[in-house]
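S.K.: Protein sequences, first through last, are from chains A and B.
Position 113 of the first sequence, counted from 1, bears residue number 113 in the numbering used here, the numbering being contiguous throughout.
Here the numbering used here = 1-based position in the second sequence + 1000.
There are 2 protein chains.
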Amino acid sequence: VTAMHFADRLAAAVRSRGTPLCVGLDPRWDLLPLELRTRHGGGSLQAAAGAFEEFCLRVLDVVAPLVPVVKPQSAFFEACGPSGLAALQRVLHRARQLGLLTILDSKRNDIASTAEAYADAALGGVLLDGVRHPVWDADAVTVNAYLGRDAVEPFLRSARRDGRDGRGVFVLVRTSNPGAGQFQDLVCDGRPLYLHVAAAVGRWTRELLGQCGFGDVGAVVGATHPAELAVVRQALPEAWFLLPGYGAQGGNAADVAGGFRADGLGAVVSSSRGITTGFPAADPRWEEAVLRATHSARAALSAVSKIAQI
Amino acid sequence: VTAMHFADRLAAAVRSRGTPLCVGLDPRWDLLPLELRTRHGGGSLQAAAGAFEEFCLRVLDVVAPLVPVVKPQSAFFEACGPSGLAALQRVLHRARQLGLLTILDSKRNDIASTAEAYADAALGGVLLDGVRHPVWDADAVTVNAYLGRDAVEPFLRSARRDGRDGRGVFVLVRTSNPGAGQFQDLVCDGRPLYLHVAAAVGRWTRELLGQCGFGDVGAVVGATHPAELAVVRQALPEAWFLLPGYGAQGGNAADVAGGFRADGLGAVVSSSRGITTGFPAADPRWEEAVLRATHSARAALSAVSKIAQI
């Protein structure tokens, strides 16, 4: 058995910070503070990776007292190659040191031993000659379930490894992009595909419920689709939701209101650009802008997520 | 415009080697030749990455004269962390030097600028201050289309960048795992989901056909599902197919026969474990076993893919 259930860890973190706000770490060269671009230089991917790392570490220092969880986006680190992924590893490590939970947003998917390799890298640690080695060592990872149950199972096994705190898996259900409906809204047997995926998430998450009543398999539902969010919440009362698309992508506090349980738990709302790029590039006091944006998002969300203290 | 269309590059490569065989590079610690495990040691992920790299480079030297394309599986390199991904980069580089086409099997998927980051890393090069930097620099990449058209478009843009040879995108249509049908076979508007994805691949690939009659967006269809393969081929005459699951996963030559056009083109058949692990771990002459397995798979496939020379 795991020491502490992932859902309970997430509930405790949300309660301790008093907000469901998750800060997305999506470093992009053209949107970094000018100060960092100038000092690191943009002449190589290695240099850019160094700037990404410094930027994310400084954002972590600002937001760590104020939010329960951060969500690094794997793609932007991968865009700097191996040195970018070394930066990702250090950013994840620092987030844990600061007491933050981490959701690695990498939307991984594959089958059998290949899925196991992704899962163990993200969550459970990679086995070499009987010893487990942590790679990304995140608290949760996002996965794409198009390949079916046997492609998701290795992630569940890795998340539920015995003898340590449990980890979580967030399955893409209804994504936040404008074209999400092309396949996700196709109606099969009387309901859209995304509700078939939601039903599968429900079965998986009910296998292992925490004391808070939620399981360790969550659902990614775009904050930009309030109607679908309400439908998925009804279909899936036992799952934590990860709601991306808040802020820069257009979702607001009212749009995510349907994601929460009455006690304010059940959803984390991720904002990336709204928090980490909401300042002129030349502003030398950009960390103050990050702080203001974090407080502002917390305040907006407090109107729709009244987190009960226990 | 691109210098040479991806579909024509793939057709030329298949014709030049006289086979549709693709060698999958899926390095796993427990299946490496004992010689390599002993020499590199399994005490750290860095050591394992070194063994993975040497193994793959030696496999490349054996198979390069005999096959048109190789398919490194990103997950196994990622399992060794940043050093594993540095090894992947060198393996891809060496494959290109040896005249092989490369399909990076990473099943990436995301939206908007995030998808662009994955796509540019895989295919088109990442832009920093006006200069493009190659990262994985593969000839093609596998993607998961659950998120819809706007999530696939950044990959198409990156593949079709002007002024150089075109690259390709292989979209997961019907995967090779036993549970593939859980979502992919759900019937929507009278046909299974995977045929909706196939229809979208058809629209995308017809945007840019090569002289060989195929486009630059292909379909991944498991070699383990011959009936579905025939249906997808009929629905999608203009797409190159990538057929994984040949060999160790159970697909045989007869199972993939329905994937080819009359001139023997139109599909590449990927074998990983059947070629790179078909020997006792202690065999010091394991490269001869790789060579024999490659010849054997070529011979088996020659019965179902008669490649016309032009």
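No residue lacks a Cβ here, since even glycine has one placed at the ideal position from N, Cα and C.
Here the structure is a predicted model, which means the values were calculated and not measured.
(1) Which residues of chain C have a Cβ atom closer than 8 Å to the Cβ of K1107 (chain B), listed in chain order?
(2) Please identify the residue among B:E1035, B:E1116 and B:A1219 whose C-alpha is closest to the C-alpha of S1176 (chain B).
(3) If I'm right that D1263 (chain B) touches A1308 (chain B) with Cβ under 8 Å, what's the distance once you round it to whole angstroms?
(4) V269 (chain A) to A7 (chain A), Cα distance in whole Å?
(5) Against chain A, does A1048 (chain B) count as a neighbour if the rule is that its beta carbon must be under 7 Å from one of theirs?
(6) What residues from chain A crowd round D1120 (chain B), counting only those whose CB sits closer than 8 Å?
(7) Candidates A:H225, A:I111 and A:L21: which alpha carbon is nearest D1172 (chain B)'s?
(8) Is the Cβ-Cβ distance between L311 (chain A) and A122 (chain A) less than 7 Å?
(9) Per DSSP, F1241 (chain B) is paired with what?
(10) Evaluate R9 (chain A) with the Cβ neighbour count: other Cβ atoms within 10 Å of its Cβ, from every protein chain shown; 16 or more gives buried, anything less gives exposed.
(11) Can you grab the Cα-Cα spacing for the pair E287 (chain A) / A281 (chain A), in whole Å?
(12) Out of A:L128, A:P65 and A:G222, which has the shortest C-alpha to C-alpha gap to L101 (chain A)?
(13) Does the segment 1224 to 1235 of chain B come into contact with the segment 1188 to 1208 of chain B, if we say contact requires no fewer than three beta-carbon pairs (one atom in each stretch) closer than 8 Å?
(14) Checking the sheet assignment: what are the DSSP bridge partners for A140 (chain A)?
(15) For a contact meaning CB atoms closer than 7 Å, what does R149 (chain A) contact in chain B?
(16) Does DSSP classify Q73 (chain A) as helix, strand or coil?
(17) Are P154 (chain A) and A119 (chain A) closer than 7 Å when you measure CB to CB?
(18) Going along the chain, which residues of its own chain have a beta-carbon closer than 6 Å to the beta-carbon of R1108 (chain B), five neighbours each way excluded?
(19) In angstroms, rounded to a whole number, what distance separates the CA positions of I1310 (chain B) and R1149 (chain B)?
(20) Using 7 Å as the threshold, is the C-beta distance between L85 (chain A) and L1209 (chain B) below it?
(21) For A300 (chain A), which residues from the same chain have a beta carbon less than 8 Å from its beta carbon, with the 5 sequence-adjacent residues on both sides left out?
(22) For E1116 (chain B), collect the residues of the same chain with a Cβ closer than 8 Å to its Cβ; drop the 5 residues on either side in sequence, then sort them by chain order.
(23) From this set, A:L243, A:T276 and A:G202, which residue's C-alpha is nearest S296 (chain A)'s C-alpha?
(24) Just mark L34 (chain A) as buried or exposed, buried being the case when its beta carbon has 16 or more other beta carbons within 10 Å.
(25) Can you give, in chain order, each stretch of the beta strand (DSSP E) that sits fully within the segment 156 to 212 of chain A and has at least 3 residues?
(26) Please classify T1019 (chain B) as buried or exposed, where buried requires at least 16 other C-beta atoms within 10 Å of its C-beta.
(27) Taking only runs that begin and end inside the segment 1014 to 1041 of chain B, name each unbroken beta strand (DSSP E) of 3 or more residues, in chain order.
(28) Taking H316 (chain A) as part of the beta strand (DSSP E), name the residues at either end of that continuous run.
(29) Going by alpha carbons, who is nearest to A1138 (chain B) out of B:G1163, B:D1129 and B:F1170?
(30) Assuming L1301 (chain B) is part of the beta strand (DSSP E), what are its boundary residues?
(31) Check L45 (chain A) in the structure and name its three-state DSSP category.
(32) Does DSSP classify Y146 (chain A) as helix, strand or coil?
(33) Going by other Cβ atoms of all chains shown within 10 Å of its Cβ, with 16 needed for buried, is A1079 (chain B) buried or exposed?
(34) Of all Cβ atoms in chain A, is any one closer than 7 Å to the Cβ of P1082 (chain B)?
(35) Could you check if D1283 (chain B) is buried or exposed, using at least 16 other CB atoms within 10 Å of its CB as the buried criterion?
(36) For C22 (chain A), tell me which candidate among A:Y246, A:A303, A:K306 and A:A257 has the shortest Cα-Cα distance.
M.R.: Quick look at the numbers:
(1) In the structure shown, chain C cannot be found, because the protein chains are A and B.
(2) Residue 1176 (chain B) sits at position 176 when you count from the first residue of the second sequence. Out of B:E1035, B:E1116 and B:A1219, B:A1219 has the C-alpha closest to the C-alpha of S1176 (chain B).
(3) The count along the second sequence starts at 1 and reaches residue 1263 (chain B) at position 263. The count along the second sequence starts at 1 and reaches residue 1308 (chain B) at position 308. D1263 (chain B) to A1308 (chain B), Cβ: 4 Å. Contact.
(4) Counting from one through the first sequence, the residue named residue 269 (chain A) turns up at place 269. Counting from one through the first sequence, the residue named residue 7 (chain A) turns up at place 7. If you take the alpha carbons of V269 (chain A) and A7 (chain A), they lie about 15 Å apart.
(5) Taking the first residue of the second sequence as position 1, residue 1048 (chain B) is located at position 48. It does; some Cβ of chain A falls within 7 Å.
(6) Locating residue 1120 (chain B) in the second sequence gives position 120, counting from the first residue. The contacting residues are A79.
(7) Within the second sequence, numbered from 1, the residue matching residue 1172 (chain B) stands at position 172. Reading off the sequence shown, one finds Leu at residue 1172 (chain B), where the question assumed Asp. Of the candidates A:H225, A:I111 and A:L21, the one whose C-alpha sits nearest the C-alpha of L1172 (chain B) is A:I111.
(8) With chain A represented from 1 up to 310, any question about residue 311 (chain A) goes unanswered, as that position is not in the structure.
(9) In the second sequence, residue 1241 (chain B) corresponds to position 241, counting from 1. B:A1219 and B:A1267, per the DSSP bridge assignment.
(10) Walking along the first sequence from the start, residue 9 (chain A) turns up at place 9. Its Cβ being crowded by 16 or more others within 10 Å, R9 (chain A) is buried.
(11) Start at 1 with the first residue of the first sequence, and residue 287 (chain A) comes out as number 287. Start at 1 with the first residue of the first sequence, and residue 281 (chain A) comes out as number 281. Their Cα atoms are separated by approximately 11 Å.
(12) Residue mapping note: residue 101 (chain A) aligns to position 101 of the first sequence, counting from 1. Comparing Cα positions, the closest option is A:P65.
(13) yes
(14) Taking the first sequence and counting its residues from 1, the one referred to as residue 140 (chain A) is at position 140. Looking at the DSSP assignment, A140 (chain A) forms a beta bridge with A:I103 and A:G168.
(15) Indexing the first sequence from 1 puts residue 149 (chain A) at position 149. Going along chain B in sequence order, the residues near R149 (chain A) (Cβ under 7 Å) are G1179 and Q1182.
(16) Position 73 of the first sequence holds residue 73 (chain A). Note: Q73 (chain A) maps to strand in three-state DSSP.
(17) Residue 154 (chain A) sits at position 154 when you count from the first residue of the first sequence. Residue 119 (chain A) sits at position 119 when you count from the first residue of the first sequence. Against a cut-off of 7 Å, the Cβ pair of A119 (chain A) and P154 (chain A) comes out as a contact.
(18) Against the second sequence, residue 1108 (chain B) aligns to sequence position 108. Result list for R1108 (chain B): Y1118 and V1143, in chain order.
(19) Walking along the second sequence from the start, residue 1310 (chain B) turns up at place 310. Walking along the second sequence from the start, residue 1149 (chain B) turns up at place 149. When rounded, the distance between both Cα atoms is 36 Å.
(20) Here the question's residue 85 (chain A) lines up with position 85 in the first sequence. Here the question's residue 1209 (chain B) lines up with position 209 in the second sequence. No, the Cβ-Cβ distance between L85 (chain A) and L1209 (chain B) is not below 7 Å.
(21) Locating residue 300 (chain A) in the first sequence gives position 300, counting from the first residue. Result list for A300 (chain A): N252 and A253, in chain order.
(22) For this step, residue 1116 (chain B) is matched to residue 116 along the second sequence. Excluding positions up to five away in sequence, the list reads P1154, R1157 and S1158.
(23) Position 296 of the first sequence, counting from 1, holds the residue named residue 296 (chain A). Comparing Cα-Cα distances from S296 (chain A) to each of A:L243, A:T276 and A:G202, the minimum goes to A:T276.
(24) Mapped onto the first sequence, residue 34 (chain A) falls at position 34. Exposed, since its Cβ has fewer than 16 Cβ neighbours within 10 Å.
(25) 168 to 174
(26) Position 19 of the second sequence holds residue 1019 (chain B). Under this definition T1019 (chain B) is a buried residue.
(27) 1021 to 1025
(28) Examination of residue 316 (chain A) is not possible in this model, given that chain A is present from 1 through 310 alone.
(29) Taking the second sequence and counting its residues from 1, one reaches residue 1138 (chain B) at position 138. Residue B:F1170 is the option with its Cα nearest to A1138 (chain B).
(30) Taking the second sequence and counting its residues from 1, one reaches residue 1301 (chain B) at position 301. Taken as a continuous stretch (DSSP letters only), L1301 (chain B) belongs to no beta strand (DSSP E), being part of the alpha helix (DSSP H) at W1286 to S1302.
(31) The residue given as residue 45 (chain A) occupies position 45 in the first sequence. Of the three classes helix, strand and coil, the one that applies to L45 (chain A) here is helix, per DSSP.
(32) On the first sequence, residue 146 (chain A) is found 146 positions in, with the first residue counted as 1. The answer is coil: DSSP assigns Y146 (chain A) none of H, G, I, E or B.
(33) Position 79 of the second sequence, counted from the start, is the residue given in the question as residue 1079 (chain B). Buried, by the Cβ-count rule.
(34) In the second sequence, counting from the first residue as 1, residue 1082 (chain B) sits at position 82. Yes, P1082 (chain B) counts as interfacial toward chain A.
(35) The sequence position of residue 1283 (chain B) within the second sequence is 283, counting from 1. It is exposed - the Cβ of D1283 (chain B) has fewer than 16 other Cβ atoms within 10 Å.
(36) As a working note, residue 22 (chain A) is residue 22 in the first sequence. When each option's Cα is compared against that of C22 (chain A), the closest is A:Y246.
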